[in-house]
Amino acid sequence: MPTLPPNFDYEQAARCRGARVVVGLDEVGRGPWAGPVVACAVNLIGPAPEGLNDSKKLSAARREALVPLLKECCEIGFGEASVEEIDALNIRQATHLAMRRAIAALPAPPCHILIDGNDRPAWVACAHELIVGGDARSVSIAAASVLAKSRRDRGMVALAQQHPGYGWESNAGYGTATHRAGLLQHGVTQHHRRTFAPIRKMLCLDA
114 MPTLPPNFDY EQAARCRGAR VVVGLDEVGR GPWAGPVVAC AVNLIGPAPE
164 GLNDSKKLSA ARREALVPLL KECCEIGFGE ASVEEIDALN IRQATHLAMR
214 RAIAALPAPP CHILIDGNDR PAWVACAHEL IVGGDARSVS IAAASVLAKS
264 RRDRGMVALA QQHPGYGWES NAGYGTATHR AGLLQHGVTQ HHRRTFAPIR
314 KMLCLDA
């Protein structure tokens, strides 16, 4: 049975309770071995483009086609946490930092935040909802997921030009066979997360 696309129910309910600025918040890049974690915050101010869905359910071509359409109907804030911050803080806290930066980058502060997942960042002070699978349920979170993934994927393609051999242009820094082979052949770069077990193990073996 096909699943329904994300809808406007959460946003509408928040607005009925008096929230003027309702923001969807999502991140991408918690699991990769390399590259930053990227968050996006979205305030939908116009009709959502047709075909919007959880970024994981869309092809790369479809995501890229949606990006300019989303820029026309959304107020957008991006935030990142670097590899250095991931290693210093841990991935969970670095993700929360990226999310905070995304919210701060919006043109207006939110009255209500719709957060994908079940992990509430400690800095959230306004009204909010944690929505498991929110990128498939809320249009604002879906928009944030598409924009965050597009931005991070483009960044990893750019890093792949500087560091060929790891397959980042296709695996976005995740632990694929190509990435493993690249590590064995070329070693660890400054863009690898040194606290992640596979990278830490390789560094210990090389010590």
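Here my numbering runs 113 ahead of the position in the sequence shown, where the first position is 1.
All residues carry an ideal CB built from backbone N, CA and C; glycine is no exception.
These figures come from a predicted structure and were not determined experimentally.
Within the same chain, Cβ atoms closer than 8 Å to the Cβ of Ala-285 are found at Gly-142, Pro-145, Gly-148, Arg-265, Asp-266 and Met-269, the five residues on either side in sequence being excluded.
Pro-162 and Ala-174 have their alpha carbons spaced roughly 15 Å apart.
Judged by DSSP secondary structure, Ala-217 falls within the alpha helix (DSSP H) whose first and last residues are 204–217. Per DSSP, His-292 lies in no beta strand (DSSP E); the unbroken alpha helix (DSSP H) holding it starts and ends at 290–299. The segment 163–182 and the segment 286–302 do not touch, with fewer than three beta-carbon pairs separated by less than 8 Å. The continuous alpha helix (DSSP H) containing Ala-127 extends over residues 122–129. Contact annotation, Leu-157 with Glu-124: C-beta distance approximately 7 Å; criterion of less than 8 Å satisfied. Glu-188 and Pro-220 do touch by the CB rule: their CB atoms are close to 5 Å apart, below 8 Å. In this structure, Arg-176 sits near Ser-263, with a CB-CB distance shorter than 7 Å. Annotation for Gly-280: Thr-289, Thr-291, His-292 and Gly-295 place their beta carbon closer than 7 Å to its own, counting only its chain and skipping 5 residues before and after. Selection Leu-179, Leu-227 and Asp-232 evaluated against Ile-204 yields Asp-232 as nearest (Cα-Cα). Boundaries of the alpha helix (DSSP H) around Asp-266: 252–275. For a cut-off of 8 Å, the C-beta gap from Cys-239 to Val-135 is around 10 Å, too long to register as a contact. Separation of Ala-261 and Ser-253 (C-alpha to C-alpha, rounded to the nearest whole angstrom) is 12 Å.
Within its own chain, the residues whose Cβ lies closer than 8 Å to the Cβ of Leu-210, once the five positions on either side in sequence are excluded, are Gly-192, Ala-194, Glu-198 and Leu-202, listed in chain order. Counting only residues of its own chain and dropping the five nearest sequence neighbours on each side, Ile-244 has a CB closer than 8 Å to the CB of Tyr-123, Leu-227, Ile-228, Asp-229, Gly-230, Arg-250, Ser-251 and Ile-254. In the three-state reduction of the DSSP assignment, Ala-235 falls in the coil class, being assigned neither a helical nor a strand state.
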